[in-house]
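Okay, structure first, notes after.
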Amino acid sequence: MALSVTCMGALANGFVYGSTSQNLLIFIFLSTLFVYNFIKYFSIFISSSKRKKNPGLFILLVTSGLLTFGFFFALTNLAKVFVVLGGLLVVLYTIPFFGETSNWRNKKGWKIYLVALSWVLLTVGVPFASSSDFSFSLFMKWFIIQFFYVWVATLPFEIRDSSKDTIHLRTIPQQLGIYKTKKLGFFLLTVALIFTVLVFSNDLLVLAPAFIAFMLLGSALFYCSPQDSNYFTSFWIEGIPIVWWMSFHLISYFY
0 MALSVTCMGA LANGFVYGST SQNLLIFIFL STLFVYNFIK YFSIFISSSK RKKNPGLFIL
60 LVTSGLLTFG FFFALTNLAK VFVVLGGLLV VLYTIPFFGE TSNWRNKKGW KIYLVALSWV
120 LLTVGVPFAS SSDFSFSLFM KWFIIQFFYV WVATLPFEIR DSSKDTIHLR TIPQQLGIYK
180 TKKLGFFLLT VALIFTVLVF SNDLLVLAPA FIAFMLLGSA LFYCSPQDSN YFTSFWIEGI
240 PIVWWMSFHL ISYFY
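The sequence shown stops at residue 254 when you use numbering that gives the first Met the number 0, and every number in between is there.
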């Protein structure tokens, strides 16, 4: 997961700078590593007895968290704002507040939007905000493209988990069914692709890699099912941003 998110950030970073900012990508990788494991293993993080049983995982959480905190101070002030906003969403996603027994992750229909928004704040917001010449219009274009992508990329995971998720979550497959969920995903990918063509009509460096990524995601969505294994879904879906990033750099070499 951390490598996939880093590749998404590298796409925006490469477009803005024309080169790779290593410190920025290290921050994205470390923060994703920390946040993903914090969400997944929150019960271990807060329980002393569970920490003793899983010392390696606890050390990974603490180490990645401290390193993320250190790299945070090297960011621009605007980038820090995006990180704080994303961090707030992660906290609300993970920890129950205001006397409630469940977090926002378990609220009806919230999960997919929280994932997409927090992801894109990191992969688009932070790279663009790290530039000395911040363009809000260009930022919004990339934000919309990646938001659509991440939103649709979450659907195969929800389809895989549709038989295991509690009914009160009201995930997209639970509300629409598998077939209509896939149709919705294909529709949104088409909208995202048309939007990309319209706003980057003369930029092959953006269009070609995005087209490849959208086609791969569409194929993964078409073939996914509730019977898929965790590793199968994770491998294919999380591998697409890596292909997106590699195709971006391959085309930039010749373009």
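All C-beta atoms, glycine included, are put in the ideal place defined by N, C-alpha and C.
For residue j and residue i, the rounded distance between their alpha carbons
{"i": "T170", "j": "L154", "result": "9 Å"}
{"i": "I236", "j": "V242", "result": "11 Å"}
{"i": "S129", "j": "F231", "result": "35 Å"}
{"i": "L124", "j": "I177", "result": "Going by the sequence as given, residue 124 is Gly instead of Leu. Whole-angstrom Cα-Cα distance: 32 Å."}
{"i": "L88", "j": "H248", "result": "31 Å"}
{"i": "D132", "j": "G69", "result": "25 Å"}
{"i": "A1", "j": "S161", "result": "24 Å"}
{"i": "A9", "j": "I27", "result": "9 Å"}
{"i": "W141", "j": "I58", "result": "35 Å"}
{"i": "S200", "j": "F213", "result": "16 Å"}
{"i": "I38", "j": "S251", "result": "36 Å"}
{"i": "S134", "j": "P126", "result": "12 Å"}
{"i": "A11", "j": "T122", "result": "7 Å"}
{"i": "L206", "j": "F234", "result": "24 Å"}
{"i": "L77", "j": "L215", "result": "33 Å"}
{"i": "V80", "j": "F72", "result": "12 Å"}
{"i": "L65", "j": "K182", "result": "42 Å"}
Residue span of the alpha helix (DSSP H) that contains residue i, given as start and end
{"i": "P126", "result": "125–128"}
{"i": "G184", "result": "177–198"}
{"i": "L56", "result": "54–71"}
{"i": "Y222", "result": "203–222"}
{"i": "P155", "result": "135–159"}
{"i": "T75", "result": "Note, T75: premise wrong, no alpha helix (DSSP H); not H, not E."}
{"i": "Y40", "result": "Note, Y40: premise wrong, no alpha helix (DSSP H); not H, not E."}
{"i": "K110", "result": "110–119"}
{"i": "P240", "result": "229–253"}
Contact belief for residue i with residue j at Cβ below 8 Å, rounded distance in angstroms
{"i": "G217", "j": "F186", "result": "Contact doesn't hold; Cβ gap of about 11 Å is too wide."}
{"i": "V82", "j": "L74", "result": "7 Å"}
- Should the stretch 108–120 be called in touch with the stretch 145–153, which here means at least 3 C-beta pairs below 8 Å? Contact holds: three or more Cβ-Cβ distances are below 8 Å.
- Examine the Cβ distances between the stretch 193–205 and the stretch 223–239 and report whether three or more of them are shorter than 8 Å. Result no; under three Cβ-Cβ pairs closer than 8 Å.
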